[in-house]
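Novice:
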Amino acid sequence: MEANFVIDLGKKAQVPIISFSATSPSLTSLRSPYFFRVAQNDSSQLKAISAIIRAFGWREVVPIYIDNDYGQSIIPFLIDALQDVDARISYRSVIPPMATDEQIEQELCKLTTMQTRVFIVHMPPNLGSQLFTNAKEIGMMSEGYVWIMTSAITNSIHLIESLVLRDSMQGVLGVKTDILETSELENFKIRWKRKFHQDNPTILNVELDVIGLWAYDAASALARAIEKAWTTNFGFEKTTTSSNSIDLGISLNGPKLSKALLSTRFNGLTGEFSLHNGQQQSSNFQIINVNGNGERVIAFWTTENGLMRKLNSTNESMYSTSKKNVGPIIWPGDSRCVPKGWEIPPNGKKLRIGVPVKDAFTEFVKVTYDPSSNTTHVTGYSIDIFKVVMETLPYAVSYEFIPFAKPNGDSAGTYNDMVYQVYLGNFDAVVGDTTIIANRSNYVDFTLPYTESGVTMVVPINDNNRKNAWVFLKPLTWDLWMASGCFFVFIGFVVWVLEHRVNDEFRGPPLHEIGTSLWYSFSTMVFAQREALVSNFARFVVIIWVFVVLILTQSYTASLASLLTVQQLQPTVTDVNQLIKSGAYVGYHEASFVSGILKEMNFDENKLKAYKSIEECDELLSKGSANGGIAAAFDNTPCMKIFQRKYCSKYTMVGSIYKTDGLGFVFPIGSPLVSDVSRAILNVTEGEKMKEIEKAWLGEQTNCPDSNTQDSSGSLSFASFSGLFLIAGIASLSALIISVSIFLYKERQQILIRFNSESSIWRRIYHTLRIFDRRDLSSHALRKSAPQNGIDNDRVIGTTDASTNNNSPQNSSRFLVHTNSHFSFPEESGMPTRESGDPNPNGQAFQLALAIELSDQPNQESPKNPERALENC
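Just so you know, we're using the UniProt record's numbering here: the sequence shown kicks off at 1 and counts up by one.
(1) With a CB to CB cut of under 8 angstroms and the five nearest residues on each side skipped, what residues in its chain are close to residue 675?
(2) Looking at the unbroken beta strand (DSSP E) that takes in residue 176, where does it start and where does it end?
(3) Check for me: the alpha helix (DSSP H) holding residue 519 runs from which residue to which?
(4) Based on Cα-Cα distance, which residue from 182, 483, 63, 113 lies nearest to residue 131?
(5) Give every residue of the same chain whose Cβ lies closer than 7 angstroms to the Cβ of residue 452, excluding the five residues on either side of it in the sequence, and list them in chain order.
(6) Apply the 10 Å Cβ neighbour rule to residue 16 and answer buried if 16 or more other Cβ atoms are within range, or exposed otherwise.
(7) In the DSSP assignment, find the alpha helix (DSSP H) that holds residue 644 and state where it starts and stops.
(8) On the criterion of 16 or more Cβ atoms from any shown chain inside 10 Å, does residue 798 qualify as buried, or is it exposed?
(9) Which residue wins for smallest C-alpha separation from residue 388, given the options 11, 552, 685?
(10) Cutting at 7 angstroms between CB atoms, please list the residues of its own chain near residue 134, excluding the five before and the five after it.
(11) Which residue comes first and which comes last in the beta strand (DSSP E) that contains residue 147?
(12) With three or more C-beta pairs closer than 8 angstroms as the rule, is the stretch 148-166 touching the stretch 286-304?
(13) Please tell me whether residue 269 and residue 185 are closer than 8 angstroms, where the distance is taken between their beta carbons.
(14) Taking the straight line between their C-alpha atoms, what separation do you get for residue 2 and residue 117?
(15) When we look at the beta-carbon of residue 874 and count the other beta-carbons within 10 Å, is it buried (16 or more) or exposed?
(16) Can you tell me whether DSSP reads residue 850 as helix, strand or coil?
(17) Is it right to say residue 37 is buried, meaning 16 or more other beta carbons lie within 10 angstroms of its own, or is it exposed?
(18) Could you check what DSSP says for residue 402 in three-state terms: helix, strand or coil?
(19) Name the one or two DSSP bridge partners that residue 663 has.
(20) Taking the alpha-carbon positions, what's the residue 148 to residue 333 distance?
(21) What distance in whole Å lies between the Cβ atoms of residue 362 and residue 341, which are believed to be in contact at a cut-off of 8 angstroms?
(22) Pull up the CB-CB distance for residue 352 and residue 402, whole angstroms please, since I reckon it's below 8 angstroms.
(23) Indicate whether residue 609 and residue 624 have their beta-carbon atoms separated by less than 8 angstroms.
(24) Give me the Cα-Cα distance between residue 698 and residue 642, rounded to the nearest whole angstrom.
(25) Leaving out the 5 sequence neighbours to the left and right, which residues in its chain are closer than 7 angstroms to residue 576 when beta-carbon positions are compared?
(26) Going by DSSP, name the residue or residues bridged to residue 121.
(27) Which word fits residue 176, buried or exposed, when buried means at least 16 other C-beta atoms lie within 10 angstroms of its C-beta?
(28) Could you give the C-beta distance for residue 53 and residue 85, rounded to a whole number, given that I count them as a contact under 8 angstroms?
(29) Span of the alpha helix (DSSP H) holding residue 34?
(30) Per DSSP, residue 356 forms a beta bridge with which residues?
(31) Just curious, the beta strand (DSSP E) that residue 99 is in, first and last residue?
(32) With residue 937 and residue 427 assumed to form a contact (beta carbons below 8 angstroms), what rounded beta-carbon distance in angstroms separates them?
(33) Look at the Cβ atom of residue 498, then the Cβ atom of residue 739, and state whether they are nearer than 8 angstroms.
(34) Around the Cβ of residue 10, are there at least 16 other Cβ atoms within 10 angstroms (buried) or fewer (exposed)?
(35) Which same chain residues end up closer than 7 angstroms to residue 474 when comparing Cβ atoms and leaving out the 5 residues on each side of it in sequence?
(36) Would you give the residue range spanned by the alpha helix (DSSP H) that residue 764 belongs to?
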């Protein structure tokens, strides 16, 4: 009050007013060009205090300040500083300037009933000493409390009696102006003490505080300004318009002196002296800890670097609020454990926990009323998790569940209404299946989610696979069907090539040979082939192919069985936009926040239907949109999982249409319980207890046979069997190439015997194929079966009668087979007849000459086709 009067007086008289003790931030608001403050503004230290609060993670504080302009002026700046570090003021404690011990004790006892245990003290040293003495008496200087003093006390802490420091202020923190110790400062202190003792010999152990140093620098600045202004005239010019007899008038050189002060620069006792807008620039601060009979510096704070363990002017690191930069602290109660900043008062009231009342999804929260005992029981998945979490906290918390209901027991509103009750202070918290969404976080704080969430759509399902007549084609993709068919034909061709010359079962008319080859190849699917293979190459190819067929048929059987035994459920709707365009009715739980989301997604409000229970939702979905029901239901994912698990054969979940952070517990903004409860949730969700709670309320995660929304078996593609087909193809081609190469080598003489330059390529190919079409009589299989057919290669095969009625030797023709004969019978085509290979290892041809001895009887006919006659032998 006095400072304001003097400042106003100086402004009217245009006289510079220099203050070295007025630190109140309210003085700055006067904006007088003639007011100069050499002392630090109290608001400059609040950043240092907020840095301490941020370093130790405290969220709420209680300022205790003197009830005058000096104490009240700091509060707006303190609020802003705390908001920057996500902290807030939970209560303001005001102490009268002339308060008695009883008044102080009464106010302190009120603070013990609150949760907050962090106090910021802003008052003169004499009142602060009285405050700490009473706090010690009622037990508020014990473990768990945090006391932080402003510079109003710490800059003059030497004025407090050592007995009070030792008994009542142990562990208190404080912010103190940092003055650099220089030789000039030390010399000045020595000279000042000497002079003070000369004038006051009875006063001992006197200390010069920072206010005295500011006073010396203020006097030095004024002297320098006078010298700079070159004036000795300090007179006043009387105003002619003033009728006030005590009016000083206007200073003749006041404006000039003010300009000189603003431009004055020098190194004073407290550091560099420089006035900016009439204000001395803020210096650094010490963070002190009261121990024993004095204080101990535990850190420094600067505007550039924040908290620092050691003051280093060359440090260019970023601004820090880490407690690693703070030295060891002895807290009240001689404790070295950092207080958490809040406690549940032992005599405090129980936390009022609001819980929702609803008919649907009672697995999360279920409220039942017992009329016999007139009590309310609250159970459920969310309730059990909350109880376990609170038991995990390192301290006891008393609470009671309060249903959010009307007097008749019905729900009192939506979830948004219930959450808003926390903001209004009617509930201390809300526990239930409350979804964490952005607009709610503007009014309350959420813990970490204890389960996933999101908005999901549930729609009816259709099963079309069992009604499909062509479902047997679905196990394989079209490319695998085509590849399998081509390989069956290819394997049949390869087997025919390898067996045609040595196996009579693969000989005959062309259609017979084609049918036999394809029959043999396709019969491998059921392993029903009857033809015996005699070629080792054919056996090798068939072994590889049978292995491929075995894997292919087994995979096909398994996939087809899955298609026929497991219903393939297809959702009736897969896109939200489809519902919006068609104008179908959709449903949501009446107490849920989902209705607002659906409106934001451009759903017609008239197409929205609310349901109260799971059974009602099932009824609406069963009717369908066209019959007075709904086409889809929307709710958060955990609730929809419960619904879908109950009706898994009828409905299915179709993705997540809206992302949320999950289900969490609700607390007031800035509640110290949020961080501790969140950490406890992490411990619970990572343990086995969470699984037990989920199993008890939500059931085990069993597979519903009708819950698949997509084809679980999947069609088998060619890519899955490309490796097998590659092996079979390489093996077949290898056997085919080797077999053909052997044939060409063995029959090279017969193939080349008629080749000449005049023969066309097609004739040469035809000649080769004619040779290939004949039996390979040199094969082991044919030689082994020859005696059974009455054929002997080393002697006469036999005789046949030309007529069954004439046994005369003249009426018979004999077929003689001679070895090593070079006689050949010319065919009608002009090509030599040859039906034997060359078994001779030396490569000489083993030739069979057919000698037909004809009878001299004129009635004996010669065979027209000796080659066919030989084949019939």
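Here a beta-carbon is modelled for each residue, glycine too, at the ideal position from N, C-alpha and C. Please read these numbers as outputs of a predicted model, since none were measured by experiment.
Specialist: In terms of the structure at hand:
(1) 57, 59
(2) 173-177
(3) 510-523
(4) Checked all of 182, 483, 63, 113; the closest Cα to residue 131 is 63.
(5) So the qualifying residues of the chain are 637, 662.
(6) buried
(7) Unbroken alpha helix (DSSP H) run through residue 644: 637-646.
(8) Note that residue 798 scores a pLDDT of 34, beneath 50, so its modelled location is shaky and nothing firm can be said.
(9) 685
(10) 101, 104, 105, 108
(11) Taken as a continuous stretch (DSSP letters only), the beta strand (DSSP E) holding residue 147 covers 146-149.
(12) Short answer: they touch.
(13) yes
(14) 35 angstroms
(15) Here the chain comprises residues numbered 1 to 873, so residue 874 is not present and cannot be evaluated.
(16) Caution applies to residue 850, whose pLDDT of 34 falls short of 50 and renders its modelled position unreliable; the model cannot decide the point.
(17) The residue is buried, with at least 16 neighbouring Cβ atoms inside 10 Å.
(18) strand
(19) 435, 451
(20) 15 angstroms
(21) Their Cβ separation, rounded to whole angstroms, is 38 angstroms, which puts residue 341 and residue 362 out of contact at 8 angstroms.
(22) Correct: roughly 5 angstroms between the Cβ atoms.
(23) no
(24) 7 angstroms
(25) Sequence-distant Cβ neighbours of residue 576 in its own chain, meaning closer than 7 angstroms and more than five residues away, are 457, 601, 657.
(26) 64, 149
(27) With 16 or more Cβ atoms within 10 Å of its Cβ, residue 176 is classed as buried.
(28) 6 angstroms
(29) No alpha helix (DSSP H) contains residue 34, which DSSP labels as neither H nor E.
(30) 404
(31) In the DSSP assignment, residue 99 falls outside any beta strand (DSSP E) and carries neither an H nor an E.
(32) With the chain covering 1 to 873 only, the question about residue 937 has no answer from this structure.
(33) yes
(34) buried
(35) 563, 715.
(36) Where residue 764 is concerned, the enclosing alpha helix (DSSP H) stretches over 761-772.
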